[in-house]
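Asks: First residue of the sequence shown: 210, per my numbering; consecutive thereafter. We treat Cβ as the ideally placed atom computed from N, Cα and C, and that holds for glycine.
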Amino acid sequence: MVESNSRKYRYAYRILLLCLITAVLFPDLAFSQVSLGGQRVGTASGAFLKLPLTARGAALGGAFVAVADDVSSIGWNPAGLASISKKGAVASYVQWFADIDYTFAAYAQPWPWFSGSVGAFFGSLGTELDETTEYMPYGTGRIFTFNDWVAGLSLSRRLTDKLLVGANIKYVREEMGTEVGGPVTNSWLLDVGTMYYVGLSSVRMAMLLSNFGPELRPSGTFTGLADGMTITQSYEGFTPPTTFKFGVAFDPVQNELHKLTASLQMNHYADNEETIQAGMEYTVRGLAALRGGYDFNSDSMGLSLGAGLRAEFAGIDGSIDYSYSRVEYLGDVNIFTMNVSF
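1) Grouping DSSP H, G and I as helix and E and B as strand, with all else coil, what is D523?
2) Mind checking who V374 pairs with in its DSSP beta bridge?
3) Roughly how many whole angstroms lie between the Cα atoms of T546 and M385?
4) Kindly confirm or deny that the stretch 532–539 and the stretch 289–302 touch, where touching means at least three C-beta pairs closer than 8 Å.
5) According to the Cβ coordinates, are A415 and G375 closer than 8 Å?
6) Kindly identify the DSSP beta-bridge partner or partners of E383.
7) Write down the C-beta distance between G325 and L364 rounded to the nearest angstrom, noting that I regard them as a contact closer than 8 Å.
8) Is the beta carbon of M404 sitting closer than 8 Å to the one on N286?
9) Using the Cβ count rule (16 or more neighbours within 10 Å means buried), how would you classify I293?
10) Measure the alpha-carbon distance for G267 versus L473 and round it to whole angstroms.
11) Helix, strand or coil for W322? Go by DSSP, reduced to three states.
12) Please report the Cβ distance between L417 and K454, rounded to the nearest whole angstrom; I am assuming they are in contact, meaning their Cβ atoms lie under 8 Å.
13) Between S281 and E483, what straight-line distance do the alpha-carbon atoms span, to the nearest angstrom?
14) Could you pull the DSSP bridge partners for A272 from this structure?
15) How should A498 be labelled, buried or exposed, when 16 other C-beta atoms within 10 angstroms of its C-beta is the threshold for buried?
16) Let me confirm a value: M510 is counted as buried when at least 16 other C-beta atoms fall within 10 Å, else exposed. Which label applies?
17) At which residue ranges does the stretch 440–521 contain complete beta strand (DSSP E) runs of 3 or more residues, listed in the order of the chain?
18) With 16 other CB atoms within 10 Å as the buried threshold, where does P423 fall?
19) Hey, how far is the Cα of F273 from the Cα of P346?
20) Closer than 6 Å by C-beta to I544: which residues in its own chain qualify, once you throw out the five before and the five after it? Chain order, please.
21) Which value, in whole angstroms, describes the spacing of the CA atoms of S459 and G527?
22) Tell me the rounded alpha-carbon separation between Y380 and L466.
23) Excluding five sequence neighbours on each side, which residues of the same chain lie with their C-beta closer than 6 Å to the C-beta of A256?
24) If we ignore side chains and look at the alpha-carbon of each, how far apart do S333 and I352 end up?
25) Which whole-angstrom value is the C-beta distance of A275 and R413, which I expect to be below 8 Å?
26) Quick one: grab the DSSP three-state call for R351.
27) Shortest alpha-carbon distance to L425 belongs to which of T448, T312, Y444?
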């Protein structure tokens, strides 16, 4: 038994060491365009995968990768899913600007024999546009839709009392006006996350590599005229919105009445410049929470605020969370989330 535990710890620390090396080297190896900054905007497909999924994480300014400890972890850092002790489900509605709506739902349950948890999730984004032409600028009467959706499975494990690891495998599909001949893109992508409690009070650090995988290439062909000839070509593929995140969180106040959590996070995007996010969550008796966060170095996002209420009845824990974010020039973003565990 002692030898088995020793091997287990050696294996865990090897994984942690690999993650730390990745944290240092990966941004420069995987994203060779660091100096281009905002010039990378629009170079990736599947941008909806970067949207905040649930109100709690969004209210912290997105600085949630090292805080994730409930079923919503499946969409923020799958390693945090290993923290749950009950079956649970989450449903979230994101009211984005420009009449864009995003819905997300997930279910997870512990796997005691595996020292971890397993889960499944689904997300769908959609909007409608009126078809217009040069001769009918006010609309032809036809409406076409843009639909993006993602579905996947999640697996997490607690390797030691300090180290948690997790991964998502997901199928991504984008339908861009298929009613009027628009293309479809699809791909399989991977998320890999870790969370490590350093042993100093409640301090933990977390790392996440999300949306890693092959290109999303639109299906079909397009036909154009060049020098009097008709040319048919395939669409070019676009890289997924691969993102590397590193976060640190701790609880400066934690007792029976009050809990205060602070978090800080760095994000490195394949299709944008780096951002830093920070957030705080104050909880009273585990029943009511106030949250706030800020997204630094973002050209549109900034302050986020939110609140949550929790109640227990007949062995079922339930909570309702809300977050508000202001997007400069575009409008407000409201997120409503419901959680249950049983």
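Replies: Concretely, from the data shown:
1) In the sequence shown, the residue the question calls residue 523 occupies position 314. Note on identity: in this sequence residue 523 is Ala, with Asp being the wrong assignment. When DSSP states are grouped into helix, strand and coil, A523 belongs to the coil group.
2) In the sequence shown, residue 374 corresponds to position 165, counting from 1. Under DSSP, V374 forms a beta bridge with R366, T403.
3) By 1-based counting over the sequence shown, the position of residue 546 is 337. By 1-based counting over the sequence shown, the position of residue 385 is 176. About 27 Å.
4) No contact exists between the stretch 532–539 and the stretch 289–302.
5) Mapped onto the sequence shown, residue 415 falls at position 206. Mapped onto the sequence shown, residue 375 falls at position 166. No, the pair does not count as a contact, with Cβ atoms beyond the cut-off.
6) Here the question's residue 383 lines up with position 174 in the sequence shown. Looking at the DSSP assignment, E383 forms a beta bridge with D357, T394.
7) Against the sequence shown, residue 325 aligns to sequence position 116. Against the sequence shown, residue 364 aligns to sequence position 155. Going by Cβ atoms, the distance from G325 to L364 rounds to 7 Å, so yes, they are a contact pair.
8) On the sequence shown, residue 404 is found 195 positions in, with the first residue counted as 1. On the sequence shown, residue 286 is found 77 positions in, with the first residue counted as 1. For M404 and N286, yes; Cβs fall inside 8 Å.
9) Residue 293 sits at position 84 when you count from the first residue of the sequence shown. Per the 10 Å Cβ criterion, buried.
10) For the purposes of this step, residue 267 is taken as residue 58 along the sequence shown, with counting starting at 1. For the purposes of this step, residue 473 is taken as residue 264 along the sequence shown, with counting starting at 1. In the sequence on display, residue 267 carries Ala and not Gly. Spanning the two alpha carbons is a distance of roughly 13 Å.
11) Walking along the sequence shown from the start, residue 322 turns up at place 113. It is helical.
12) For this step, residue 417 is matched to residue 208 along the sequence shown. For this step, residue 454 is matched to residue 245 along the sequence shown. The pair is a contact, with the Cβ atoms about 4 Å apart (cut-off 8 Å).
13) For this step, residue 281 is matched to residue 72 along the sequence shown. For this step, residue 483 is matched to residue 274 along the sequence shown. Roughly 24 Å between the two C-alpha positions.
14) In the sequence shown, residue 272 corresponds to position 63, counting from 1. Assignment of beta-bridge partners to A272 by DSSP yields no partner.
15) Start at 1 with the first residue of the sequence shown, and residue 498 comes out as number 289. Within 10 angstroms of the beta-carbon of A498 lie 16 or more other beta-carbons, which makes it buried.
16) Here residue 510 refers to the residue found at position 301 when the sequence shown is read from its first residue. Note on M510: 16 or more other CB atoms within 10 angstroms of its CB, so buried under the neighbour-count rule.
17) Listed in chain order, the beta strand (DSSP E) elements of length 3 or more contained wholly in the stretch 440–521 are 452–463, 467–478, 484–493, 497–505.
18) Taking the sequence shown and counting its residues from 1, the one referred to as residue 423 is at position 214. The residue in question, P423, is exposed, as its Cβ has fewer than 16 Cβ neighbours within 10 Å.
19) Position 64 of the sequence shown, counted from the start, is the residue given in the question as residue 273. Position 137 of the sequence shown, counted from the start, is the residue given in the question as residue 346. The C-alpha of F273 lies about 44 Å from the C-alpha of P346.
20) Within the sequence shown, residue 544 is the residue found at index 335, counting from 1. Within the same chain, A264, A267, V303, S532 come within 6 Å of I544 by CB-CB distance, once the 5 residues on both sides are set aside.
21) Working through the sequence shown from its first residue, we reach residue 459 at position 250. Working through the sequence shown from its first residue, we reach residue 527 at position 318. Note that residue 459 corresponds to Phe in the displayed sequence, not to Ser. The alpha-carbon atoms of F459 and G527 are separated by roughly 24 Å.
22) For the purposes of this step, residue 380 is taken as residue 171 along the sequence shown, with counting starting at 1. For the purposes of this step, residue 466 is taken as residue 257 along the sequence shown, with counting starting at 1. One C-alpha to the other measures close to 43 Å.
23) As a first step, residue 256 must be located in the sequence shown, where it is residue number 47. In its chain, beyond the 5 residues on either side, P450 have a beta carbon closer than 6 Å to the beta carbon of A256.
24) Your numbering for residue 333 matches position 124 in the sequence shown. Your numbering for residue 352 matches position 143 in the sequence shown. S333 and I352 have their C-alpha atoms roughly 19 Å apart.
25) Here residue 275 refers to the residue found at position 66 when the sequence shown is read from its first residue. Here residue 413 refers to the residue found at position 204 when the sequence shown is read from its first residue. A275 to R413, Cβ: 6 Å. Contact.
26) By 1-based counting over the sequence shown, the position of residue 351 is 142. In this structure, DSSP gives R351 a state outside helix and strand, which the three-state scheme calls coil.
27) In the sequence shown, the residue the question calls residue 425 occupies position 216. Selection T448, T312, Y444 evaluated against L425 yields T448 as nearest (Cα-Cα).
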